[in-house]
Structure formats: C-alpha cells, structure tokens
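**Q** Questions regarding the structure given below will be posed in turn.
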C-alpha cells in the first residue's frame with residue numbers, strides 16, 4: 019500500500035508505518051498473510067452477496083480492528099447481516115440531492131481532516147438549535163452510515179473519537195423526537211463498526 023492520504027482525510031507522515039508496527043504487521047509479508055487469510059475466508063462465505071474486497075480495504079479493516087483478523091471477520095459478517103436486516107440504512111444515495119437540506123441547519127457535523135497525535139480520527143457534531151424532528155434524525159442516521167462507509171474505505175486510523183455538543187438545545191426536546199426503533203437499529207450498526215463516542219453536554 020502506497021500513500022494513503024485522501025483528499026478529505028489527511029494522515030501523519032508516519033501513520034501507516036506506526037500503526038502497522040503497533041499491531042506487529044510492519045513486515046510486508048505479515049500484512050500480506052493477514053490479508054490472504056481474510057480473502058480465503060471470504061471466498062468460503064457463500065451466503066455473502068459480496069465476497070471480493072480490495073486488499074487496501076482489508077488492510078484498513080485489519081488496522082481498525084487492532085490487528086485482529088478474527089475481529090475483521092466478525093465485523094464483516096455482522097455488517098452483512100445489518101445490510102440484510104436494516105437495508106434502509108444502506109441504500110445507494112446521493113448525499114447532495116437525496117436529503118432535505120435546511121437553509122438554517124439544526125446541526126452541523128464533520129470528520130476532522132487531521133488525525134490526533136495517536137492517530138485517531140475525530141468526528142464532531144454540534145446541535146445548533148431546537149427543532150429536531152424524527153425525520154431529521156432519520157436523515158442524520160442515513161448520512162452517518164454513508165460517511166462512515168466513506169471513512170472505512172479511505173481512512174487509515176487507529177480508531178474514532180466522537181464529540182457531540184448538545185449545549186444549544188433542550189435535551190428533552192431532542193429525546194421526544196427520537197424514534198426508539200430506528201435509534202435502536204442505528205445503535206446496533208454503530209456497535210458493529212466499533213465507533214466510540216464521548217458525549218459532552
């Protein structure tokens with residue numbers, strides 16, 4: 019794998035070598051063996067609708083899962099299940115045209131382009147004002163899945179840190195807009211992806 023820098027997601031000059039070394043995969047042959055093992059396993063999963071992934075994607079997955087091939091297998095298997103159980107969150111969408119865009123947004127969010135010193139990617143969301151509806155939250159969930167799909171395919175990080183700022187809103191108003199079923203579904207997807215959040219109120 020050559021340079022992993024993405025147009026939106028920047029790495030430190032030593033990110034790739036540091037993370038490979040951290041998980042004892044700094045020798046090219048060790049990483050190749052791990053990827054080969056994943057490819058061999060995928061070929062045998064006849065119930066998967068997709069069994070071929072780019073080797074770079076598999077390498078990133080191994081790094082995200084702390085160097086564990088078994089955890090990557092579990093994650094891929096669980097994500098395939100999530101796609102079957104909750105297909106509405108994984109539909110092909112156009113992020114520009116398929117969602118309602120508000121002139122005065124209720125929230126803003128982004129993955130920060132630079133990694134932390136210890137190679138974590140930071141996600142920040144800020145609720146700007148009250149007025150969140152259940153439809154808005156559903157859009158937020160779908161966009162969140164789309165964004166994490168992009169990050170998983172293009173980033174090379176040790177993990178994620180999420181910061182969500184609720185200070186500008188009435189938290190009870192937000193809770194009243196939450197659809198328990200869809201929130202439970204998206205929580206299961208998040209848990210499968212092993213994304214960890216720190217909440218600030």
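In the numbering used here, the protein residues as written are 19 to 219. Every residue gets a Cβ at the ideal spot worked out from N, C-alpha and C, and that includes glycine.
Output needed for residue 146: all residues of its chain with C-beta closer than 7 Å, excluding positions within five of it in sequence on either side, in chain order.
**A** As a working mapping, residue 146 is identified with position 128 in the chain shown. So the list reads 123, 124, 125, 126 and 186, once near-sequence residues are dropped.
**Q** What's the gap between the Cα of residue 168 and the Cα of residue 151?
**A** Indexing the chain shown from 1 puts residue 168 at position 150. Indexing the chain shown from 1 puts residue 151 at position 133. Taking the straight line joining both Cα atoms gives about 26 Å.
**Q** Do you know whose CA, among 79, 62 and 160, lies nearest residue 172's CA?
**A** Residue numbering aside, residue 172 sits at position 154 when the chain shown is read from its first letter. The shortest Cα separation from residue 172 among 79, 62 and 160 belongs to 79.
**Q** Considering only the alpha carbon of each residue, which of 45, 177 and 98 lies closest to residue 63?
**A** The residue labelled residue 63 in the question sits at position 45 within the chain shown. Selected option, being the one with the closest Cα: 98.
**Q** For residue 69, which three-state DSSP category applies?
**A** The residue you call residue 69 lines up with position 51 of the chain shown. Coil at residue 69, not helix or strand.
**Q** Please determine if the stretch 82-98 and the stretch 130-144 are in contact, where contact requires at least 3 C-beta pairs separated by less than 8 Å.
**A** The stretch 82-98 vs the stretch 130-144: no contact.
**Q** Ends of the alpha helix (DSSP H) at residue 100?
**A** Within the chain shown, the letter at position 82 stands for residue 100. Run containing residue 100: 87-103, per the alpha helix (DSSP H) assignment.
**Q** Is residue 53 closer than 8 Å to residue 29 when the C-beta atoms are compared?
**A** Walking along the chain shown from the start, residue 29 turns up at place 11. Walking along the chain shown from the start, residue 53 turns up at place 35. Contact: no.
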